[in-house]
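Visitor: Have a look at the structure that comes next, please.
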Amino acid sequence: MTHTSSISVAIADDETLIATSLATLLSLEPDLEVHSTCFSAEELLNWVRVHPVDVCVVDLHMPGIDGIAATEELTGLGLAVLIVTSHSQPKGLRQALAAGASGFLPKTATAEEFGAAIRAVHAGRRYIDSSVAAAAFDAAPNPLSAREQQLLELVPEGSSVDQLAAAVHLAPGTVRNYLSSAIAKTGGANRFEAYKLAADKGWV
Numbered sequence: 001m002t003h004t005s006s007i008s009v010a011i012a013d014d015e016t017l018i019a020t021s022l023a024t025l026l027s028l029e030p031d032l033e034v035h036s037t038c039f040s041a042e043e044l045l046n047w048v049r050v051h052p053v054d055v056c057v058v059d060l061h062m063p064g065i066d067g068i069a070a071t072e073e074l075t076g077l078g079l080a081v082l083i084v085t086s087h088s089q090p091k092g093l094r095q096a097l098a099a100g101a102s103g104f105l106p107k108t109a110t111a112e113e114f115g116a117a118i119r120a121v122h123a124g125r126r127y128i129d130s131s132v133a134a135a136a137f138d139a140a141p142n143p144l145s146a147r148e149q150q151l152l153e154l155v156p157e158g159s160s161v162d163q164l165a166a167a168v169h170l171a172p173g174t175v176r177n178y179l180s181s182a183i184a185k186t187g188g189a190n191r192f193e194a195y196k197l198a199a200d201k202g203w204v
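The sequence shown finishes on residue 204 if you use the numbering used here, and the numbering steps up by one all the way, no holes.
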């Protein structure tokens, strides 16, 4: 760990421009010191196991190990995590908090907000973007069962019912029944519209 007057930070974002821009932005803060800028969760995890830092700033959506899985590992190592995302959905916030993240910010946040969030999670407090918190608070309860949610999440891939059935190891008829139920619960006209409506509400 660094001297108490400086908070050490490591960043992980698969979008190189965002990762480097955020590192530059945070380095301008007198009490923040960016020790590593990584472009995958795997790279970050390998780094912090050798060079522990005070706060890890982690992108929610990354290929390979995503931000949620990375957060679980990082908090298991005793590190504070601030999740950043381009898609501020209530579901993402719930997943981040369940994984142990202390902060949650959209990438559109200001330099002041990023600095305040890092200082807060370093001090053991939570820092949640107010608009995301409000959306999560106002969000209707998710009526989908775990299986219905799982199937709707596969819909954007454009798979047929038979392909969906093979992916989740169920009979095609069973998958049709789950999809019909999900369509009815969301009010969609078909499974594609059901996915869009569920995504808009943060259910998938």
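Even glycine gets a Cβ: it sits at the ideal position worked out from N, Cα and C.
Got a sec, what are the start and stop residues for the alpha helix (DSSP H) residue 235 sits in?
Guide: It is not possible to answer for residue 235, since the shown part of the chain is limited to 1 through 204.
Visitor: Comparing C-alpha positions only, which one of 181, 155, 124, 93 sits nearest to residue 104?
Guide: 93
Visitor: Among 15, 31, 32, which one has its Cα closest to the Cα of residue 40?
Guide: Nearest option by C-alpha distance: 15.
Visitor: Taking only the alpha-carbon atoms, compute the straight-line gap between residue 114 and residue 201 and give it to the nearest angstrom.
Guide: 26 Å
Visitor: Using only the alpha-carbon positions, how far apart do residue 3 and residue 198 sit?
Guide: At residue 3 the pLDDT is 44, less than 50, meaning the model places this residue with poor confidence and gives no usable figure here.
Visitor: Could I get the ranges of all uninterrupted alpha helix (DSSP H) runs contained in the segment 121–164, with 4 residues as the minimum, in chain order?
Guide: 130–138, 146–154
Visitor: Under three-state DSSP, which class holds residue 45?
Guide: helix
Visitor: Report yes if the C-beta distance between residue 32 and residue 7 is below 8 Å; otherwise report no.
Guide: yes
Visitor: Would you check if the distance between the CB atom of residue 155 and the CB atom of residue 176 is smaller than 8 Å?
Guide: no
Visitor: Taking the alpha helix (DSSP H) that residue 39 falls in, what are its first and last residues?
Guide: Per DSSP, residue 39 belongs to no alpha helix (DSSP H) and is neither H nor E.
Visitor: In the DSSP assignment, what residue or residues form a beta bridge with residue 59?
Guide: Beta-bridge pairing links residue 59 to 84.
Visitor: How about residue 71 and residue 83: are their beta carbons less than 8 Å apart?
Guide: yes
Visitor: The alpha helix (DSSP H) with residue 76 in it runs from where to where?
Guide: 67–76
Visitor: Can you confirm whether the segment 179–199 touches the segment 142–157 when touching is taken to mean that 3 or more C-beta pairs between the two stretches lie within less than 8 Å?
Guide: yes
Visitor: Which term fits residue 12, buried or exposed, when burial requires 16 or more other beta carbons within 10 angstroms of its beta carbon?
Guide: Buried is the label assigned to residue 12, since at least 16 other Cβ atoms lie within 10 Å of its Cβ.
Visitor: Under a three-way DSSP split, which group does residue 106 fall into?
Guide: Residue state, collapsed to three classes: strand.
Visitor: Pull the bridge partners of residue 33 from the DSSP assignment, please.
Guide: 8
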